[in-house]
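What follows is a set of notes on a single structure, which appears directly below.
Numbering (this note's numbering), first residue to last: 22 to 785.
The following block contains the structure:
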């Protein structure tokens with residue numbers, strides 16, 4: 022019996038780069054009668070022996086090099102040789118369809134073989150958890166092809182981590198070039214998803230793309246599984262079936278691509294407005310999910326009952342599902358020429374662009390309109406379950422325990438420059454990261470006017486909540502007022518390019534900047550990034566320069582200035598209220614880091630030009646400077662000493678007891694801290710009054726400022742972080758709730774508070 026190889030799971034696992042699987046479907050039945058003829062075996066497992074030999078030779082050569090590793094070892098020639106032998110795969114690919122058909126015929130004519138081919142025992146890699154896994158014959162036969170795809174990804178990763186001056190670099194580049202050329206030459210034939218269904222005209226209908234989208238149908242949001250075939254878009258939902266029964270899809274509607282059109286901007290203006298869920302409701306739900314995660318972690322740590330853990334996980338899934346349904350707000354509208362319209366809501370312009378481009382690419386072919394008979398529709402919908410590439414709803418509850426939890430902390434990204442544009446344009450970039458199963462836009466560069474080589478050199482700090490990917494989108498700004506869309510969720514600026522990279526914890530978690538280039542549609546965007554974990558971001562370095570304001574105790578600054586509230590706080594707030602209070606996402610959208618650092622230097626030097634600089638500076642940079650000032654205080658505004666008491670106070674369930682405690686805690690603050698806090702509180706309330714315009718609710722503002730004004734001391738935070746990121750996030754939730762309590766409270770007067778001090782003990 023021949024032995025097909027199985028793919029490596031990651032680039033660093035060099036040993037796995039040569040692992041092979043050893044399926045052994047029996048050639049004879051228990052009675053001694055052959056299940057398959059030799060001819061059938063040779064057809065189904067064509068060239069497998071040759072493929073096995075190539076990989077065995079590669080593995081045997083690679084293994085000793087990995088075991089005696091040092092920086093002088095070279096192995097590029099092994100990958101180059103492997104790539105040069107891909108012709109054997111071409112023979113396998115050319116035979117692939119016949120192999121599948123032969124296996125299918127053998128299954129139909131021989132029940133024994135059918136049973137065998139439905140569940141083949143495959144020997145896994147040496148270091149996998151299970152020694153055997155079960156696969157179908159079709160999945161097994163796809164493994165050699167999958168192997169080429171994965172080897173190409175391995176080469177990508179190897180190149181990324183190989184210095185350009187290393188002797189292996191040109192050899193790996195050559196191996197990658199050969200592999201990519203080979204893949205592109207056979208790409209149309211190799212994907213098992215593409216052996217889908219035959220159309221009425223006798224052509225093969227292939228699945229090109231599928232995924233979960235939220236459809237707005239009859240005024241309510243529904244989760245759908247959408248399938249894009251070469252000639253039709255089909256929208257389905259998974260039927261509820263009894264346990265153990267084969268799951269099936271129910272077709273909600275379909276549109277032949279020949280009849281599918283995207284509405285023009287004018288038509289979009291007449292479409293019904295999308296009801297957007299307020300941000301504070303989404304943030305509340307995130308907090309609930311984090312709290313449940315924290316409970317799950319505690320139950321696991323205490324070896325809790327599996328039933329209790331399952332109950333919590335079920336609750337978490339329900340909440341995450343709600344978030345998944347209600348977060349998306351970017352409309353993706355499609356029309357059927359025959360009059361019917363459909364509306365999907367997406368969380369990212371990236372996804373909308375992906376779907377639109379995939380459909381438009383297929384529409385360039387000569388497509389015919391058609392109507393599917395009920396039987397044809399049944400067959401097509403029935404094939405979806407087998408063909409789908411996205412199996413699970415994208416919520417964290419569906420992740421395995423050993424999957425990466427993602428990164429929690431702050432990602433610093435500098436967007437340097439871009440090149441590859443054919444003609445001058447007004448260009449800007451946006452940055453997105455994944456959060457709770459969907460993507461959110463986190464930062465935007467300024468528009469670089471009329472250029473083919475924009476030089477932004479702008480730095481952003483992006484908060485990560487279990488994130489695993491960073492996306493960069495490059496847009497051409499539209500200044501034509503006639504093209505501006507009334508539907509404020511519709512972005513009319515043209516996407517020039519888009520790309521995505523995985524946030525590899527090992528690569529990102531270094532103190533140094535890591536430079537990278539992302540290629541998109543022939544455009545190259547150069548950027549750098551570094552990651553700061555939550556515990557590192559808590560480290561407060563007191564200023565060595567006591568004449569400055571950043572990193573200096575608030576009491577020292579107010580005494581020196583003979584002021585009640587530090588000058589920096591008053592000036593930043595005044596400027597935000599003058600021209601930033603209606604800015605969408607004020608305090609949430611990152612300012613450019615270089616601008617913030619420039620403002621920091623001017624305030625620290627007490628420069629006479631502060632007011633001139635403030636009036637010229639981008640308002641998000643001013644908002645960012647204020648946040649940075651509070652973050653860099655030697656201790657948080659609400660003090661290390663009172664932190665545990667604030668945590669206990671906000672957890673009280675009796676309203677009167679909570680009110681007494683929370684007011685008493687304010688009285689216990691030093692006067693400069695209290696006066697500055699009340700000054701900031703009133704400002705944030707005024708910002709929230711403009712929520713219909715700036716989209717910043719009290720809850721949003723509490724989320725931004727809570728963890729900055731109220732943080733555990735370094736020792737306490739380390740103890741928390743060693744437990745779990747979920748317990749840490751539970752702490753952040755409580756910090757947000759403390760600030761929200763004061764923001765929702767009727768106006769608090771300093772003199773009133775102090776007058777009441779007489780009636781209370783000063784001990785906390």
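Don't be surprised by glycine CBs; every beta carbon is placed ideally from N, CA and C.
Sub-8 Å separation of residue i and residue j beta-carbons
i	j	result
residue 204	residue 170	yes
residue 138	residue 124	yes
residue 576	residue 657	no
residue 355	residue 436	no
residue 450	residue 493	yes
residue 200	residue 176	yes
residue 342	residue 416	yes
residue 57	residue 127	yes
residue 271	residue 249	no
residue 474	residue 438	yes
residue 479	residue 646	no
residue 430	residue 485	yes
residue 345	residue 458	yes
residue 114	residue 75	no
residue 460	residue 453	yes
Backbone CA spacing between residue i and residue j [nearest angstrom]
i	j	result
residue 116	residue 299	55 Å
residue 603	residue 640	11 Å
residue 771	residue 471	53 Å
residue 550	residue 544	19 Å
residue 525	residue 489	7 Å
residue 80	residue 103	10 Å
residue 703	residue 768	8 Å
residue 244	residue 235	5 Å
residue 535	residue 612	21 Å
residue 519	residue 547	13 Å
residue 402	residue 410	15 Å
residue 95	residue 142	36 Å
residue 776	residue 349	49 Å
residue 634	residue 186	45 Å
residue 9	residue 649	Not covered by the structure: residue 9. The range shown for the chain is 22 to 785.
residue 304	residue 456	11 Å
residue 93	residue 463	42 Å
residue 278	residue 242	24 Å
residue 184	residue 190	7 Å
residue 579	residue 466	35 Å
residue 712	residue 718	5 Å
residue 91	residue 77	23 Å
residue 726	residue 716	16 Å
residue 414	residue 337	13 Å
residue 651	residue 762	19 Å
residue 331	residue 322	15 Å
residue 107	residue 66	17 Å
residue 695	residue 688	8 Å
residue 661	residue 381	57 Å
residue 537	residue 728	31 Å
residue 389	residue 376	20 Å
residue 629	residue 283	56 Å
residue 594	residue 684	24 Å
Whole-angstrom C-beta distance between residue j and residue i, which should lie under 8 Å
i	j	result
residue 722	residue 659	Their Cβ separation, rounded to whole angstroms, is 16 Å, which puts residue 722 and residue 659 out of contact at 8 Å.
residue 606	residue 643	Residue 606 to residue 643, Cβ: 14 Å. No contact.
residue 497	residue 447	6 Å
residue 101	residue 174	The Cβ separation is near 17 Å, so there is no contact.
residue 309	residue 340	5 Å
residue 671	residue 758	5 Å
residue 539	residue 570	38 Å between Cβ atoms; not a contact.
residue 673	residue 679	4 Å
Only counting runs of 4 or more residues, tell me where the alpha helix (DSSP H) segments fall wholly within the segment 300 to 360, in order along the chain.
-> 300 to 322, 327 to 347
Tell me, please, whether the segment 384 to 398 touches the segment 364 to 374 by the rule of three or more beta-carbon pairs shorter than 8 Å.
-> no
Write down every uninterrupted run of the alpha helix (DSSP H) in the segment 615 to 702 whose length is 4 residues or greater and which is fully enclosed by it, in chain order.
-> 631 to 637, 640 to 652, 664 to 671, 676 to 688
Which runs of the beta strand (DSSP E) spanning at least 3 residues fall entirely within the segment 433 to 463, listed in chain order?
-> Complete beta strand (DSSP E) runs here, min 3: 446 to 456.
Runs of alpha helix (DSSP H) lying entirely within the segment 78 to 139, each at least 4 residues, in chain order = With a minimum length of 4 residues, the continuous alpha helix (DSSP H) runs that stay inside the segment 78 to 139 are 97 to 105, 108 to 130, 132 to 139.
List in chain order: all unbroken alpha helix (DSSP H) runs of 4+ residues lying wholly within the segment 376 to 411.
-> Here the runs fully enclosed are 395 to 408.
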